[in-house]
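Quick note: the sequence shown uses my numbering, first residue 1, plus one each step.
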Amino acid sequence: MRKFVYSFCIIFVTALITSCAGGKTENGTAASADSLRIVSLNGTVSEILVGLGMEKNIVGVDVTSTYPESLRSLTQVGHSHNLNTEAIIALKPAYVISLEERGIKPEQARLLEQAGIRVWIIKQHFSVEGTKDLIRMLAKEFKKDAEAEKLIATIETEVKALPVYETKPKVLFVYARGMGSLQVAGDGTAMCEMIRLAGGIPATEGTVQGFRPLTAESVVGMNPDYILLFDTGLQSLEGPNGLMKVPGVAQTAAGKNNKFVSMDGQLLSGFGPRLGSALKQLGEAIHK
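Shown next, in the form of structure tokens:
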């Protein structure tokens with residue numbers, strides 16, 4: 001009788017732990033992929049999950065999850081640095097997934113974990129291989145390896161088809177949120193790696209790490225051939241005419257020749273399934 005009671009207790013406790021963890025098995029994966037509920041706190045993670053055939057599993061997203069368009073209809077839980085944790089918990093997800101660079105605040109992660117949610121923060125590497133590794137990592141967790149290889153094959157085909165340009169223009173990425181908030185991107189950022197992969201040279205190469213406030217002196221000194229922005233950044237400056245009013249810009253080669261390029265933010269910086277098409281678009285834009 002004691003042996004029976006002891007065995008029953010073990011079974012009960014094991015079932016309780018599994019339930020609190022969102023229905024995960026011993027390897028951390030939910031018992032049923034079809035019923036798995038995920039909140040994605042990164043646009044790249046969202047794109048990959050959709051590419052793996054898991055759009056139906058996504059129940060909430062952050063503000064960067066803008067592609068595909070259908071994600072906009074899902075519950076939005078804010079930005080990874082300013083999350084509505086109550087809204088996330090209300091969605092009853094098994095997983096909350098984010099990337100390290102734009103990760104969750106530790107105190108918010110603890111709140112979610114205390115609610116029985118697995119918080120998975122992944123380090124992203126800004127390269128073609130890093131993109132493939134990220135896709136495979138997510139696919140392995142959710143047993144979507146075959147779907148992952150299809151995505152990767154598409155990326156490899158598109159990247160292989162990219163032209164090799166003879167010239168390497170100097171490109172400066174400006175992160176703009178209005179005239180009063182301007183920064184330049186340096187080494188270690190997604191934007192600088194994209195510029196390199198697209199056949200350009202970051203204007204900040206070797207001199208700036210991460211992001212740094214833009215100054216007129218530094219812009220004139222770098223003298224970029226092109227100035228690159230997110231679409232939303234250029235809009236925040238009221239278009240090319242507004243960009244020309246940024247101190248120093250008019251004195252650069254980019255300003256004198258009106259060489260301004262803007263792209264969708266998630267496409268340009270995401271390093272996700274659309275990497276090949278993003279590099280094609282950027283490469284063509286900075287080699288005109």
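We put the CB at the ideal spot given by N, CA and C, even for glycine.
Quantities reported herein were computed from a predicted structural model and do not represent experimental measurements.
Hey, would you say I201 sits closer than 8 Å to K168, going by beta carbons?
In the sequence shown, residue 201 corresponds to position 201, counting from 1. In the sequence shown, residue 168 corresponds to position 168, counting from 1. The answer is yes: Cβ separation under 8 Å.
Which partner residues does Q183 have in the DSSP bridge list?
Translated into the one-based positions of the sequence shown, residue 183 becomes position 183. Y175 and P213, per the DSSP bridge assignment.
Under DSSP, the alpha helix (DSSP H) around V128 begins and ends at which residues?
Reading the sequence shown from its first residue, position 128 is the one you call residue 128. That run of the alpha helix (DSSP H) goes V128 to E141.
Beta-carbon within less than 7 Å of A210's beta-carbon, same chain only, minus the 5 sequence neighbours each way: which residues are those?
Walking along the sequence shown from the start, residue 210 turns up at place 210. First, the amino acid is wrong: residue 210 is Gly here, not Ala. These residues qualify, in order along the chain: G186, G188 and T189.
In this structure, does DSSP put T232 in helix, strand or coil?
Working through the sequence shown from its first residue, we reach residue 232 at position 232. T232: helix per DSSP, three-state reduction.
Cα-Cα, which of I155, H287 and M179 is closest to P247?
Taking the first residue of the sequence shown as 1, we reach residue 247 at position 247. It is M179 whose Cα lies nearest to the Cα of P247.
Look at the alpha carbon of Q108 and the alpha carbon of D264, and state the distance between them as a whole number of angstroms.
As a working mapping, residue 108 is identified with position 108 in the sequence shown. As a working mapping, residue 264 is identified with position 264 in the sequence shown. Using only the alpha carbons, I get a separation of about 29 Å.
What three-state label does DSSP hand I117 in the structure shown?
What you label residue 117 is simply residue 117 of the sequence shown in a count that begins at 1. In the structure shown, I117 sits in coil (DSSP, three-state: anything other than H, G, I, E or B).
Quick check on the DSSP output: the beta strand (DSSP E) that includes M263 runs from which residue to which?
Position 263 of the sequence shown, counted from the first residue, corresponds to residue 263. Where M263 is concerned, the enclosing beta strand (DSSP E) stretches over F260 to M263.
Can you give me the Cβ contacts of N223 inside the same chain, cut-off strictly under 6 Å, excluding the 5 residues immediately before and after it?
By 1-based counting over the sequence shown, the position of residue 223 is 223. For N223, where only same-chain residues beyond five positions count, the Cβ hits under 6 Å are T252 and A253.
Taking DSSP's pairing of strands, which residues face V59 in a bridge?
Position 59 of the sequence shown holds residue 59. None, per the DSSP bridge assignment.
Who are Y67's beta bridge partners in DSSP?
Indexing the sequence shown from 1 puts residue 67 at position 67. Bridge partners of Y67: none, in fact.
Roughly how many angstroms separate the alpha carbons of K288 and S262, rounded to a whole number?
As a first step, residue 288 must be located in the sequence shown, where it is residue number 288. As a first step, residue 262 must be located in the sequence shown, where it is residue number 262. The straight-line gap from Cα to Cα measures roughly 14 Å.
For S181, does the count of other Cβ atoms within 10 angstroms reach 16, so buried, or fall short, so exposed?
Within the sequence shown, residue 181 is the residue found at index 181, counting from 1. Under this definition S181 is an exposed residue.
For Q108, which of helix, strand or coil comes out of DSSP?
For the purposes of this step, residue 108 is taken as residue 108 along the sequence shown, with counting starting at 1. Note: Q108 maps to helix in three-state DSSP.
Below 7 Å CB to CB, which residues in the same chain sit around D145 once its five sequence neighbours on both sides are set aside?
Sequence index remark: in the sequence shown, residue 145 carries index 145 (1-based). A139, listed in sequence order.
Sort S277, I121, I88 and V208 by Cα distance to L197 and report the nearest one.
The count along the sequence shown starts at 1 and reaches residue 197 at position 197. Out of S277, I121, I88 and V208, S277 has the C-alpha closest to the C-alpha of L197.
Indicate whether the contact test is met: 3 or more Cβ pairs, each with one atom in the stretch 64-83 and one in the stretch 124-140, closer than 8 Å.
The answer is no - the stretch 124-140 does not touch the stretch 64-83, with fewer than three Cβ pairs under 8 Å.
Determine the DSSP secondary structure at Q124, reduced to helix, strand or coil.
Translated into positions along the sequence shown, residue 124 becomes position 124. The answer is coil: DSSP assigns Q124 none of H, G, I, E or B.
As a quick exercise: from T85, V174 and L267, pick the residue whose alpha carbon is nearest that of Q114.
As a first step, residue 114 must be located in the sequence shown, where it is residue number 114. Among T85, V174 and L267, the Cα nearest to that of Q114 belongs to T85.
Can the beta-carbon of L91 be found less than 8 Å from the beta-carbon of V39?
Residue 91 sits at position 91 when you count from the first residue of the sequence shown. Residue 39 sits at position 39 when you count from the first residue of the sequence shown. Yes.
Shorter than 7 Å, the distance from the beta carbon of A94 to the closest heavy atom of the ligand FAD, or not?
Here there are no bound small molecules, and the ligand FAD is not part of this structure.
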